[in-house]
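Just below is one structure, and these are the notes that go with it.
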Amino acid sequence: MSPDKLNILSMMLNAGLMVQFVILLLLAFSVATWAIIFVKYVQVRKAYQQSAAFIDYFWKTRDFSNAFAQAKNMPASPVARMFRNAYMELKKLNRIAKASASSGESSHSPGDRKTMGVETVRRSLNRSVTMESLRLIQLVPFLATAGNISPFIGLFGTVWGIMNSFHGIAYQQGATSLAAVAPGISEALVATAAGLAVAIPAVIGYNYFTQKIRILESEMESFASDFVNIVESDYLAYREAAR
């Protein structure tokens with residue numbers, strides 16, 4: 001192989017079948033890795049922007065009905081989805097309480113109803129935090145898997161290629177020089193380079209997204225705690241006083 005033809009593509013084409021298979025496998029990993037990085041970046045970026053906008057609007061309005069209408073316009077925000085679920089649960093509880101009060105069938109005191117309502121809202125928010133966390137982390141573990149195993153897959157291809165190169169020396173006649181085995185070794189080393197090319201962006205992406213998701217989870221937990229406090233001190237108390 002002449003020096004002017006010594007490029008990555010030619011080395012891949014001239015490599016053995018096993019090395020080519022390893023490189024194709026790593027290429028598939030690379031495509032999947034970059035696709036996930038792109039999709040998750042867009043998702044997390046929108047989640048950050050819309051969550052920040054919703055939290056800012058929520059604290060400015062302090063009106064649940066207006067916040068609910070605004071939350072419907074922010075589908076990418078996990079905090080907005082949490083609020084929608086909690087608000088719908090709260091409205092459901094109020095309808096049940098009103099129906100029980102009007103029929104005289106309620107066996108619970110106003111204080112008991114308030115406590116039960118707060119606990120129901122808290123459970124709804126905790127469930128939403130769990131669901132939103134799972135939604136955000138989806139596909140991210142693949143980046144960790146790709147980052148961990150890609151170098152070893154590439155190393156396997158390299159070892160296999162080097163084994164074949166040295167195995168071929170035994171069948172060559174006469175003295176064997178480095179020039180005879182160097183092309184095969186260089187072709188095999190492409191597999192290691194391909195493994196690192198997959199692993200480096202995968203690890204960077206995994207660390208980036210896990211950090212961002214942890215921040216979003218903290219914001220969701222903080223909002224859930226604040227919302228429960230508001231419900232406990234204001235909203236349900238107002239409903240009970242109005243009955």
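Residue 114 in UniProt numbering is what sits at position 114 of the sequence shown, and the numbering runs on without skipping anything. Ideal placement from N, C-alpha and C gives every residue a C-beta, glycine not left out.
- Where Gln43 is concerned, the enclosing alpha helix (DSSP H) starts and stops at Leu17 to Thr61.
- Judged by their CB atoms, Ser124 and Asn85 are nearer to each other than the 7 Å cut-off.
- Between Ala191 and Gly161, the beta carbon gap of about 7 Å places them in contact (Cβ cut-off 8 Å).
- Here Gln211 carries a helix assignment [DSSP, helix/strand/coil].
- Within 10 angstroms of the beta-carbon of Ser77 lie 16 or more other beta-carbons, which makes it buried.
- Exclusion of the five residues before and after Arg135 leaves Pro78 as the residues of its chain whose Cβ lies within less than 8 Å of its Cβ.
- In terms of Cβ geometry, Leu90 and Val121 form a close pair [threshold 7 Å].
- Put simply, of Glu232, Gln211 and Asp226 the residue whose alpha carbon is nearest the alpha carbon of Tyr48 is Gln211.
- Across the structure, Ala28 and Tyr41 are spaced so that their CA atoms are roughly 20 Å apart.
- Gly147 is not a Cβ neighbour of Ala67, given a cutoff of 7 Å.
- In chain order, Ala188, Leu189, Ala191 and Thr192 place their CB closer than 6 Å to the CB of Thr158, counting only its own chain and leaving out the 5 sequence neighbours on each side.
- In the structure shown, Met163 falls within a helical segment according to DSSP collapsed to helix, strand and coil.
- With fewer than 16 neighbouring CB atoms inside 10 Å of its own CB, Met88 falls in the exposed class.
- Under the three-state reduction of DSSP, Leu216 is assigned to helix.
- In its chain, beyond the 5 residues on either side, Phe54, Ala71 and Met74 have a beta carbon closer than 6 Å to the beta carbon of Ala80.
- In this structure, Leu155 and Gly117 do not form a Cβ contact; the two beta carbons are roughly 59 Å apart against a cut-off of 8 Å.
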